Amino acid sequence: MRLNHFTSDTAAGGATKDFPVNDQQLTQDLYDAVNGAWADQATIPGDHASTGGFMDLVDNIEKTLMTDFSDLLAGKMTPANDEMAAFKRLYAQASDFKQREATGTAPLKPYLDRITALTDLDDLNRHLVDFIKVGLPTPIEFGVEPDMKDTSNYALYLDAPNLFLPDKTYYEKDNQAAAQLMPIFTTTAEKLLGMVGYTSDDAQKIVADAKAFDAKIAPHVKSSEEAADYVKVYNPRETSAVAKQVTHLDLTGTIKALLGDVPEQSILPQPIFFDATNDLITPANFDLIKHWMLVKTVFDGTGALTEDFRQVGGTYRRALSGQKQARSKEKAAFYLATGTFSQVVGDYYGRKYFGEAAKADVRKMVLKMTHVYQQRLKANDWLSTATSEKAIVKLQKLTIKVGYPDAIDPLYRKYRVDPDKSLFDNLQAISEVAIQNYYGHWGKPVDRERWDMSANTVNAYYSPSNNEIVFPAAILQAPFYSLDQSSSANYGGIGAVIAHEISHAFDNNGSQFDEFGNLNNWWTDADLEYFQGLSKAMINEFDGIEFAGQKVNGKLTVSENIADAGGLSCALEAAKSADDVDLRAFFINWANVWRMKATTEYMQLLLSIDVHAPAKLRANVQVKNLDDFYTTFNVQPDDAMYLAPADRVKIW
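Oh and the sequence shown: position 310 is 310 in the UniProt record's numbering, straight run, nothing missing.
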């Protein structure tokens with residue numbers, strides 16, 4: 001449950017600066033009135049799918065850290081700790097392009113050979129545990145995550161693998177996006193296989209088989225809309241019963257080898273996949289499965305070998321987002337190294353660039369926002385006393401994390417970078433340590449101090465299983481937040497972000513978890529029914545809006561829209577309580593933070609898979625639900641931004 005969505009190969013272009021607001025347009029299109037002048041001159045760099053807003057901050061942090069780490073590599077800066085020293089060694093290897101070219105694609109070949117050597121499903125069974133431990137793709141995914149009904153302890157999750165196309169809806173007959181994308185995927189995969197030594201005929205056969213297995217999986221997994229109903233992830237089944245469904249793989253033996261134990265119960269986020277496994281994972285499909293594994297593996301290796309291999313490997317991903325060219329090799333090396341040592345880099349960024357004064361001020365804003373929420377819950381006119389009291393308990397138990405963790409995750413102490421090994425082999429060794437650590441969680445209590453985002457990440461999130469809100473240092477800067485901005489502008493920016501994340505505790509998903517993060521219905525039947533009606537109204541408010549040649553899916557985006565509505569409403573109330581209240585500044589900065597210019601392909605991709613509504617609609621639609629917007633800008637019934645009072649959706 002995050003504030004925003006980014007793809008892995010997308011960054012920003014252009015620094016944030018002020019642009020004139022078109023006062024005459026405020027009542028017709030708030031977003032365009034605030035961002036129109038910017039949009040007229042903004043350009044999307046060739047190696048980006050979008051620019052503006054969040055992306056500007058990403059770009060600025062990238063420049064800052066690339067400069068700092070250039071000094072680190074040059075010896076002008078001393079690593080602050082052992083973890084940073086290991087990061088330096090990996091970044092140096094990632095930036096040694098001459099050595100990477102000399103090494104070529106050879107390090108990937110042994111892993112491809114291991115898959116190629118498989119003879120049948122029995123042979124796959126014999127190697128399945130080893131494949132999982134080294135990170136090779138397998139037709140069933142095994143996870144160790146907090147038990148959604150007992151979040152102090154871990155549960156075993158058994159899941160379906162990811163598809164080649166972004167969503168199962170792409171596999172529907174006559175899907176135009178798939179008709180454009182699958183040929184690009186095919187060409188990319190065949191070329192990659194050729195670059196690691198497969199003949200043209202073999203490559204074509206391998207990719208055709210891989211696509212055939214992928215197509216067989218597609219009907220038996222959830223769409224993004226279905227997956228957005230987070231609570232329906234929790235489908236417990238007896239492990240022995242699931243093992244009987246997967247006739248041709250030794251599920252029990254694999255679990256025992258990974259965990260040292262076989263839990264009585266497993267959680268199946270996509271049970272429909274396991275209902276179909278005896279039709280999917282069969283001796284007749286063995287070649288398809290093997291070749292599917294090969295294609296997945298060759299794509300996974302594209303970032304750590306030669307520059308040409310990386311460029312070719314990114315062709316399909318760039319087609320998905322409309323990105324015209326790949327990142328420079330220098331930027332790619334930066335993201336490869338910083339992504340591997342994310343929390344180490346976050347610790348450096350947070351300690352150097354995030355001041356204690358700002359941290360204290362933001363924490364004060366969070367506490368104020370929770371107080372506003374508490375008062376609203378008490379005064380709520382549709383919740384029963386019983387439900388309201390439990391909601392307040394949940395709010396009071398909310399954990400708040402601001403800036404960066406107190407200490408670096410101990411996992412990073414185990415990461416070793418051997419200068420005598422290739423970049424690929426060092427990354428592989430690190431991956432194996434991380435995988436071992438991941439399965440090593442089994443039988444241990446859940447670590448609630450862990451952060452899921454590094455401090456240099458421009459985002460924020462609410463975790464329903466921890467009942468916590470987290471605000472990394474990187475988002476705590478202008479235009480979201482600045483000590484130099486008015487309080488109203490800050491409330492329209494970071495204040496709405498804070499309240500957005502609090503609201504996730506009470507959206508259609510988060511509301512079904514209790515104060516300890518456990519899946520537990522604490523609502524009366526009448527209250528829940530009324531809330532579901534309000535959620536339906538929010539679905540209807542967004543569903544079917546035309547955007548980028550497609551339509552918004554109200555069901556897919558409902559949780560984030562509820563959070564936006566609650567966040568903006570509560571931030572507005574907090575802003576009004578300040579001595580220097582300026583609601584014009586509040587609404588203008590709200591629209592400003594959603595500034596975004598993107599390729600059509602990227603916008604259409606997000607419409608298909610992203611739980612967030614398009615940025616422009618987040619800016620425009622939510623303000624229509626607030627009475628203060630109408631009085632602030634004198635919005636009249638014949639204005640485009642007008643929504644009749646009876647149609648305004650108000651939940652929290």
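Cβ atoms here follow ideal geometry from the backbone N, Cα and C, with glycine treated the same way. Everything numeric in this text was worked out from a predicted model, so none of it was measured.
Between the alpha carbons of residue 570 and residue 564, how many angstroms are there, rounded?
10 Å
Whose CA, out of 180, 239, 26, 648, lies closest to the CA of residue 535?
648
Report the option in 317, 152, 129 whose CA atom is closest to the CA atom of residue 249.
129
By the DSSP assignment, the beta strand (DSSP E) with residue 530 in it spans what residues?
Here residue 530 belongs to no beta strand (DSSP E); instead the alpha helix (DSSP H) covers 525 to 542.
Residues of its chain near residue 559, where Cβ-Cβ distance is below 8 Å and the 5 sequence neighbours each way are ignored:
1, 228, 230, 504, 507, 508, 509, 510, 611
For my contact list, residue 315 and residue 184 are in at a C-beta cut-off of 8 Å; report their separation, rounded to the angstrom.
6 Å
Sort 528, 332, 445, 546 by Cα distance to residue 607 and report the nearest one.
546
Quick check on residue 155: does DSSP put it in helix, strand or coil?
strand
Runs of alpha helix (DSSP H) wholly within the segment 493 to 526 (minimum 4 residues, chain order):
496 to 503
Rounding to the nearest angstrom, what Cα-Cα distance links residue 388 and residue 625 in this structure?
23 Å
Own chain, CB closer than 7 Å to residue 6, minus 5 neighbours either side, in chain order:
Low confidence applies to residue 6: its pLDDT is 34, below 50, so where it sits in the model is not reliable enough to give any reading.
Simplified DSSP state of residue 349, which is helix, strand or coil:
helix
How about residue 548 and residue 603: do their beta carbons lie closer than 8 Å?
yes
Run of the beta strand (DSSP E) containing residue 464, from where it starts to where it stops
Premise fails: residue 464 is in no beta strand (DSSP E) and is neither H nor E.
Per the contact definition of three or more C-beta pairs closer than 8 Å, is the segment 72 to 92 in contact with the segment 288 to 299?
no
Are the Cβ atoms of residue 542 and residue 554 separated by less than 8 Å?
yes
With 16 other Cβ atoms within 10 Å as the buried cut-off, status of residue 78:
exposed
Alpha carbon of residue 297 to alpha carbon of residue 601, nearest angstrom:
26 Å
For residue 123, count neighbouring Cβ atoms within 10 angstroms of its own Cβ and tell me buried if that reaches 16, exposed if not.
exposed
For residue 257, which three-state DSSP category applies?
helix
Which one of 22, 27, 18 has the shortest CA to CA distance from residue 637?
27
With distance defined between alpha-carbon atoms, name the residue in 159, 353, 136 nearest to residue 243.
159
Alpha-carbon to alpha-carbon, residue 631 and residue 645:
13 Å
Which residue wins for smallest C-alpha separation from residue 200, given the options 190, 172, 530?
190
Tell me which residue opens and which closes the beta strand (DSSP E) that residue 147 is part of.
141 to 147
Using the Cβ count rule (16 or more neighbours within 10 Å means buried), how would you classify residue 635?
buried
So, using beta-carbon positions, are residue 196 and residue 108 closer together than 8 Å?
yes
Ends of the beta strand (DSSP E) at residue 471?
468 to 472
From the DSSP output, in three-state form, read off residue 546 for me.
strand
Excluding sequence positions up to five away, which residues of its chain have a Cβ less than 6 Å from the Cβ of residue 9?
Unreliable positioning characterises residue 9 in this predicted model, as indicated by a pLDDT of 32, which lies under 50. A coordinate reading is not provided.
In DSSP terms, what residue 265 is bridged to
238
Three-way DSSP call (helix, strand, coil) for residue 290 in this model:
helix
Just to confirm the assignment, what range does the beta strand (DSSP E) spanning residue 635 have?
First-last for residue 635: undefined, no H or E at that position.
Report yes if the C-beta distance between residue 213 and residue 245 is below 8 Å; otherwise report no.
no
Could you tell me if residue 544 is buried or exposed, where buried requires 16 or more neighbouring beta carbons within 10 angstroms of its beta carbon?
exposed
How many angstroms separate the CA atom of residue 308 from the CA atom of residue 45?
21 Å
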